[in-house]
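J.:
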Amino acid sequence: MRLLVTGGTGFIGSHACADLLARGHEVTIVDNLANSRADVVERIAAVAGRRPRFIMGDVRDRDAMLAVLRGQGIEGVLHFAALKAVAESWEKPLAYYDNNVGGSLALLHAMQEASVDLLVFSSSATVYGDPEHCPVDETAPRRGTNPYARTKLMTEDIIADIASQRRTFRAATLRYFNPAGAHPSGLLGEEPSGVPNNLMPYVAQVAAGERSEVQVFGGDYPTPDGTGVRDYIHVVDLARAHSEALEYLVREQRCLTVNLGTGRGYSVLDVITAFERACGRTIPRKLVPRRSGDVAACYADASRAFELLGWRARLGIERMCEDAWRWQSRRAARD
Ligand code: NAD
Ligand code: UDP
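Numbering (this note's numbering), first residue to last: 975 to 1309.
1. Quick check on the DSSP output: the beta strand (DSSP E) that includes leucine 1261 runs from which residue to which?
2. Could you tell me how far apart the beta carbons of phenylalanine 1054 and valine 979 are, in whole angstroms, since I believe they sit closer than 8 Å?
3. Three or more beta-carbon pairs under 8 Å between the segment 1205 to 1222 and the segment 1078 to 1095, yes or no?
4. One question on the structure: do arginine 1204 and tyrosine 1240 come within less than 8 Å of each other, judged by their Cβ atoms?
5. Applying the criterion that 16 or more other CB atoms from any shown protein chain within 10 Å of the CB defines a buried residue, is phenylalanine 923 buried or exposed?
6. What does a CB cutoff of less than 7 Å around glutamate 1296 pick up in its chain, not counting 5 residues either side in sequence?
7. With DSSP collapsed to three states, give me the class of methionine 1030.
8. With distances taken between CB atoms, is the gap from valine 1245 to phenylalanine 1191 smaller than 8 Å?
9. Beta carbon of valine 1242: closer than 7 Å to some heavy atom of the ligand UDP?
10. Using the Cβ count rule (16 or more neighbours within 10 Å means buried), how would you classify alanine 1248?
11. Please return the same chain residues whose Cβ sits closer than 7 Å to the Cβ of proline 1105, not counting the five positions on each side in sequence.
12. Go ahead and label histidine 1107 buried or exposed: buried means 16 or more other beta carbons lie within 10 angstroms of its beta carbon, across all protein chains shown.
13. Using DSSP bridges, identify the partner residues of leucine 1161.
14. Can we count alanine 1055 as close to the ligand NAD, meaning its CB is less than 7 Å from some heavy atom?
15. Roughly how many angstroms lie between the CA atoms of aspartate 1111 and glycine 987, to the nearest whole one?
16. Can you tell which of Ala1298, Thr1100 and Ile1207 has its C-alpha closest to the C-alpha of aspartate 1268?
17. Does DSSP put leucine 1289 in a helix, in a strand, or in coil?
18. Ignore the nearest five residues each way along the sequence and tell me which others in leucine 1260's own chain have a CB closer than 8 Å to its CB.
19. How long is the line joining the alpha carbons of glycine 1254 and glutamate 1184, rounded to whole angstroms?
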């Protein structure tokens, strides 16, 4: 298929592009490089053995999106482009609604005008807020507890409303748990600008000696070791799910909402220990107070993804840490 990937030079989008290209799809990336670099395109090509087309652009530019959809004869869209930092979303709510909701609206308008009816959307487990129980399945109540989460909730609702109105429209809403790891080649991975917000890139930078210690946010949660528990999912597994969701939309001609996680929870201390094994170094850490807005535990019931897509995570926490460490080491050497 001829596919448009918005945010395709970003962390998850770049891995999805590599997977889609390897399956024979034609990929056009639109990214404004707000949180990624143009040289990712070469690295995607090196991994996949085929080049994506790259267009520097902003998804909020409806006319530009329409021109891409028509000009490239696009048949389906994978929509990753978004701002994603929860703390920043409290500081700049308007920027988050504008980019994430406004960007999705402009894209959806352009898709309607160009009669493009297939969409795979990057949602997040953050739509569950503080889940009443874990593992959390797709029927759990959704609550947006911060502006970023609300942009995902709103976009999910907009997509559902379009799907109920336009009979030909098919969307896959994918709720990611905690994406981690990197491509095993060491060529693709996460490039946080400034201080990483997420645990695994922070741990990787401490392991590399770029930061002095990991701050463990809270040791008094009602979890086995008192630290927060999350469902870390290897980005390569996550990427594969996008291709499989797209195939589902084409095959089944129905919409889809699924959790993408491993179904297993790991604490902050579990992650640090696994990373120590992967890099063969001791990782200094310090217990500090809870980070505001964090929940004690969140992990997926990922059975629907297996039932509908035949997808399940193959790579565990050890591989996530090994691949993240390889990426960290090569990135430090490259920069
Ligand atoms: P990322 O920042 O690495 O990638 C997002 C890409 O979108 C970047 O390359 C950025 O330059 C681009 N972008 C942002 N706004 C744009 C715009 N208006 N027009 C064009 N390009 C734009 O983030 P990621 O981790 O790869 O996340 C991808 C998607 O997955 C996002 O929608 C994010 O909300 C969602 N998600 C991420 C996580 C996570 O922890 N990484 C978890 C759940 C959901
Ligand atoms: N965390 C931590 N120190 C950090 C970053 C994160 O202790 O420097 C904890 C955080 O409190 C949570 C887990 O690690 O329990 C995962 O956090 P992350 O920000 O990676 O993902 P989230 O689940 O918050 O989206």
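Ideal Cβ placement from N, Cα and C applies to all residues, glycine included.
Predicted model only: the values in this text are computed from it and were never measured.
T.: Let me spell this out:
1. Counting along the chain, the beta strand (DSSP E) containing leucine 1261 begins and ends at 1259 to 1262.
2. About 7 Å separates the two Cβ atoms, so the contact holds.
3. Three or more Cβ pairs drawn from the segment 1205 to 1222 and the segment 1078 to 1095 lie within less than 8 Å of each other, which places the two stretches in contact.
4. A contact, by the Cβ cut-off of 8 Å.
5. Coverage of the chain is limited to positions 975 through 1309, which leaves residue 923 absent and any answer about it impossible.
6. Around glutamate 1296: Ala1252.
7. Reduced to three states, the DSSP call for methionine 1030 is strand.
8. Cβ distance not < 8 Å, so valine 1245 and phenylalanine 1191 don't count as in contact.
9. Yes, the beta carbon of valine 1242 sits closer than 7 Å to at least one heavy atom of the ligand UDP.
10. With 16 or more other Cβ atoms within 10 Å, it is buried.
11. Apart from sequence neighbours up to five positions away, the residues of its chain that approach proline 1105 with a beta-carbon distance below 7 Å are Ala1114 and Cys1272, ordered along the chain.
12. Burial call: exposed.
13. Under DSSP, no beta-bridge partner is assigned to leucine 1161.
14. For the ligand NAD, at least one heavy atom lies less than 7 Å from the Cβ of alanine 1055.
15. Looking at the two C-alpha atoms, the distance is approximately 24 Å.
16. With respect to the C-alpha of aspartate 1268, the residue from Ala1298, Thr1100 and Ile1207 having the closest C-alpha is Thr1100.
17. The three-state reading of DSSP puts leucine 1289 in coil, since its state is none of H, G, I, E or B.
18. Here residue 1260 is lysine; the residue named in the question, leucine, does not match the sequence. Taking C-beta separations shorter than 8 Å and ignoring five residues to either side along the sequence, the partners of lysine 1260 in its chain run Glu1187, Val1188, Gln1189 and Val1190, following chain order.
19. Each residue's Cα considered, the two are about 16 Å apart.
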